[in-house]
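Only one structure is covered here, and it is reproduced in the block below.
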Amino acid sequence: MRILLPLLAAVSMVAAPLLAAPDPTPAVAPVLTTPEAKDAWTHAEPQVARVTHVSLDLVADFTAKRMSGTATLDILAAPGATQIILDDDGLEIAGITDGAGKPLAYKVGERDKDTGAPLTIQLSGATKIVIRYTSAPDAGALQWLTPEQTAGKKKPYLFSQGQPINNRSWIPTQDSPGIRQTWDARITVPDGLVAVMSGDRIDGAKGQKAGKSSNGGGLRSFRFRMDKPVPPYLIAMAVGDLAFKAVGPRSGVWTEPSMLDAAAYEVGDVEKMIAAAEALYGPYRWGRYDMLVLPPSFPYGGMENPTLTFLTPTILTGDRSNTDVVAHELAHSWSGNLVTNATWSDSWLNEGFTTYFENRIMEAVYGPEHAATEADLLWDGLVKDIATAGGPEAATTRLHGDPGATAGQLDYFKGSTFLRTIEKTVGRAKWDAYLRGYFDRHAFQPQTTAGFLADLHENLLKGDPALELSLQLDRWAYASGLPDNAVRVRSETLAAIDAKLAAVNAGGPVSAVSPKGWTTQEWLRFLNGLDRKQSAARLKELDETLGLTGSSNAYVLSAWSELAIANRYEPALPGVERLVTHVGRGLLIYPVYRALVKQGDWGKPLAGKYFAEAKAGYHPVAAAGVARIVGE
693 MRILLPLLAA
703 VSMVAAPLLA
713 APDPTPAVAP
723 VLTTPEAKDA
733 WTHAEPQVAR
743 VTHVSLDLVA
753 DFTAKRMSGT
763 ATLDILAAPG
773 ATQIILDDDG
783 LEIAGITDGA
793 GKPLAYKVGE
803 RDKDTGAPLT
813 IQLSGATKIV
823 IRYTSAPDAG
833 ALQWLTPEQT
843 AGKKKPYLFS
853 QGQPINNRSW
863 IPTQDSPGIR
873 QTWDARITVP
883 DGLVAVMSGD
893 RIDGAKGQKA
903 GKSSNGGGLR
913 SFRFRMDKPV
923 PPYLIAMAVG
933 DLAFKAVGPR
943 SGVWTEPSML
953 DAAAYEVGDV
963 EKMIAAAEAL
973 YGPYRWGRYD
983 MLVLPPSFPY
993 GGMENPTLTF
1003 LTPTILTGDR
1013 SNTDVVAHEL
1023 AHSWSGNLVT
1033 NATWSDSWLN
1043 EGFTTYFENR
1053 IMEAVYGPEH
1063 AATEADLLWD
1073 GLVKDIATAG
1083 GPEAATTRLH
1093 GDPGATAGQL
1103 DYFKGSTFLR
1113 TIEKTVGRAK
1123 WDAYLRGYFD
1133 RHAFQPQTTA
1143 GFLADLHENL
1153 LKGDPALELS
1163 LQLDRWAYAS
1173 GLPDNAVRVR
1183 SETLAAIDAK
1193 LAAVNAGGPV
1203 SAVSPKGWTT
1213 QEWLRFLNGL
1223 DRKQSAARLK
1233 ELDETLGLTG
1243 SSNAYVLSAW
1253 SELAIANRYE
1263 PALPGVERLV
1273 THVGRGLLIY
1283 PVYRALVKQG
1293 DWGKPLAGKY
1303 FAEAKAGYHP
1313 VAAAGVARIV
1323 GE
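Under the working numbering, think of the first position of the sequence shown as 693, with each following residue one higher.
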C-alpha cells in the first residue's frame, strides 16, 4: 500500500507553485529542410518566413463560446521575404498590424476540409505582427462544457486539444510540429474559474483581477510562459472549477474539487516515475510535472502537454492499475516534447519511442513482471491492428507513410516493438547509452525517420554491416507488416489468465475464474481472449458471474461491450449506452461504435441513437471520429 506523506496530502490549490524567471533569450529551434521534413498538413513556408514566438492575450466568453483578443507573433524571415503564411481554421480576424500598429495587408485563402486555410500576411519589413481575432464557436480544438457536463455540476468548463493540427482553430500561427515556438499568454476568465496552461504559471492559482465583463460579472486573468521552443500543438489550456494538490516536490494534480483526492491517490507514484525516467535517459528539462484530470469528454487517455499532462478520468479506478497512462505522458517529456516528429508522417517517433520508454519506467517502478504484462498485451494489440488493417501487406502497417494513415495504434505498438528489438539485439546497456545521447543531441529539435536512422548509423551501428543486416532497419521503418526479428515479451501473469481463459473457452464454468484482485490488464487479456461467438446463455453466465454490464471500470465495460454486441446480447445494451454517453475517450468508445455498425440493421440504428444522445458531450475530435464510424 502506498501512502502519501501527510505534508503533501495537506497542500491545497493556493499552494500551486510558481517557477523561476525564464531565460531572457530563448533559443530558436531549427526547421528541417530535407525533403522528408516537408509537412503536408501545414500551409506554412517556414524556409521563407517562420514564427519563433507567440504571445496570446485572450478572453474566454463562455456564453458565446469564443476566445477573443490578440496573438502577437515574432517573425524570422529570409532576406527578401515579403510575406508569411500561417494556418487558420475558422478564425474571425478583425485586423493585423505590425508591432508599431501599422496595418498589414492579409488574405485568407480557400479552406481545405482537413487543413483549414492559408492566412497570408504581407510583412512590409515587420518582424513582429499583431493579429486581432476571435475563435469560432465550433473551433475544433476547444470544448465548452456546461455545468451539467462537469463533476461539480455548478460551473462551466473549457479545455483545448491541439494534437495534431487543431490549434489553428484558436491560435493563428504556423501549426506544424516541425516549427517549434516559444510562447506566453494571458488568459482572462470569469471570476470563480481558474485557468491552467502547459507552461510556467506566473500569477499563482488565484490570478489577478481584470475588471468586469460585458454582462457585469467579474473577470480574472492568469499569465503563463513557455521559454523553451515547443511544437505548437503543445500549447494547451483549460478553464474550470479547479483545485490543486501536490503529490511530490515537483509534481501535483489539478482537477475539480470532488475528484481531487481520488486523482491525487491514483497518480501518487509519479515522483518515482520521474526519478526512474531521469535515471534512464537524462534530466527532466521542463521544471514541474503537474497533471490535470479532465471531465469524461476528454477524447484521449492522456495528452503530454509540457508541465501539465492532461489525463482522462477513466484512469481513476482506485488501484493504480492504469498509471501506465501517466508513465506514457511523462515519457513524452523526452520523446515527443524534447525530440519531436517533424511531420505527422513520422508520428511513431513520438508514440513508438514513448510506448517503449513508458514500459521501461513501469519496469523500474513496479518490477519486470508488471512491465512484461503490459508488453505482452501490447503484442496482442499489434497483431490485432495488423489484421484489422488488412494483413501484413497493407500500406497502413508502415511506420513512415502518409500522415495519419497508420492503422490503429501501430505507431505505438509497432514503433515500440522496433525499439525493443534493437535493445535485444545490441544489449540494454549499449542501447540505453545510445538513447540518452540521442535525446541530448536532438533536444528541442524536430526529427524525421531518415534522421533517426542516420543517427543510429553514426552513433550505434558505427559501420557494422552485420549488425545493420540483423536489425532490418529499413524494413521496420518503411515496409509493411512485421519483420521476422520482432521481439515478443511474454508475461507469467497473463499466462495464468490464459489458462483460465482456455478452460472457459473449452466450456468450463465461469465461476471458476475468480477475478478478485485482477488488474485492468488481466481483465482485458481475459475478455479479449474469449471466443467471439457465444450463446446467449453463456453471455448471461459471464455477465452475471463477473458483473460485466455493471462494471465501473470503463476499460472492462468497453471490452465486454464489443463481445456482447458481436453476439447481439441485448441485456448488455444498458451498459453499452452508459459507456458511450458518459465517456468521451476514443480508445474506449470507437471500438464499440464500430461493433454496432458492423451489426447492420440491428446495431447501426443503435449507434446512431447513442451518438445523437452523446454527441453534445463529446470533444470535437471524438465527435468527428464517431461521425466517420456511423456514417454521418
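We put the CB at the ideal spot given by N, CA and C, even for glycine. Owing to the predicted nature of the structure, the values given are computational and were not obtained by experimental measurement.
- Here W1071 has R1180 as same chain residues with Cβ atoms under 6 angstroms from its own Cβ, once five neighbours each way along the sequence are excluded.
- Around the CB of P1201, fewer than 16 other CB atoms lie within 10 Å, so the residue is classed as exposed.
- The C-alpha of A1256 is placed about 8 angstroms away from the C-alpha of E1262.
- The Cβ neighbour count for W1294, taken over all protein chains shown within 10 Å, is under 16; the residue is labelled exposed.
- Ranked by Cα distance from E728, the first of G1143, L750, G1083 is G1143.
- With respect to the C-alpha of W978, the residue from P987, P998, L986 having the closest C-alpha is P998.
- For P991 against R1270, the beta-carbon gap comes to about 18 angstroms, at or over 8 angstroms, which does not count as contact.
- Distance from the Cα of G1044 is smallest, within the candidate group L1111, A928, P988, for L1111.
- Straight-line measurement puts the Cα of K1116 at about 20 angstroms from the Cα of G1173.
- Residue burial is scored here from C-beta neighbours: L926 has at least 16 other C-beta atoms within 10 angstroms and is therefore classed as buried.
- In the three-state DSSP reduction, A741 falls in the strand class (E or B).
- Out of I966, R1260, Q873, the CA that lies nearest to the CA of E1021 is found in I966.
- In this structure, G1129 is the residue among G1129, F851, Y1104, R1217 with its C-alpha nearest to the C-alpha of Y973.
- Listed as beta-bridge partners of Y798 by DSSP are I813.
- Going by DSSP, S1244 is part of no beta strand (DSSP E) at all; its letter is neither H nor E.
- K1296 sits in a helix when the DSSP states are folded into three classes.
- With the rule of 3 Cβ pairs closer than 8 angstroms, the stretch 760 to 778 counts as touching the stretch 823 to 842.
- Just measuring C-alpha positions, the residue of S1037, L1000, D1132, G994 sitting nearest D1016 is G994.
- Contact annotation: A1195 and A1204 have beta-carbon atoms nearer than 8 angstroms.
- One thing to note: T1113 has its Cβ no nearer than 8 angstroms to the Cβ of L1102.
- Contact between the stretch 1076 to 1087 and the stretch 1020 to 1036 is absent: fewer than three C-beta pairs spanning the two stretches fall below 8 angstroms.
- Under DSSP, G944 takes part in a beta bridge, and its partners are A938, D982.
- When the beta-carbon positions are compared, L834 and L850 come within less than 8 angstroms of each other.
- Take the alpha-carbon of T789 and the one of L796: they are about 5 angstroms apart.
- About 27 angstroms separates the beta carbons of D982 and W1040, which is beyond the 8 angstroms limit, so they are not a contact pair.
- Within the same chain, H1092 come within 6 angstroms of Y1170 by CB-CB distance, once the 5 residues on both sides are set aside.
- Ranked by Cα distance from E1305, the first of P810, V1272, Q1291, E1324 is V1272.
- Restricting attention to Q1291, S989, G1239, the CA atom closest to the CA of A1315 is found in S989.
- For R1120, the enclosing alpha helix (DSSP H) stretches over residues 1120 to 1133.
- In this structure, the beta-carbon distance from S852 to A928 falls below 8 angstroms.
- By the CB criterion at 8 angstroms, W875 and V746 fall inside the cutoff.
- Between D779 and T819 the beta-carbon gap is near 20 angstroms, outside 8 angstroms, which marks them as no contact.
- Contact check for F754 against W862 fails: the beta carbons are separated by 8 angstroms or more.
- In the DSSP annotation of this structure, P1207 is not part of any alpha helix (DSSP H), being labelled neither H nor E.
- Secondary structure at K1192: helix, using DSSP grouped into helix, strand and coil.
- By the CB criterion at 8 angstroms, P941 and P1138 fall outside the cutoff.
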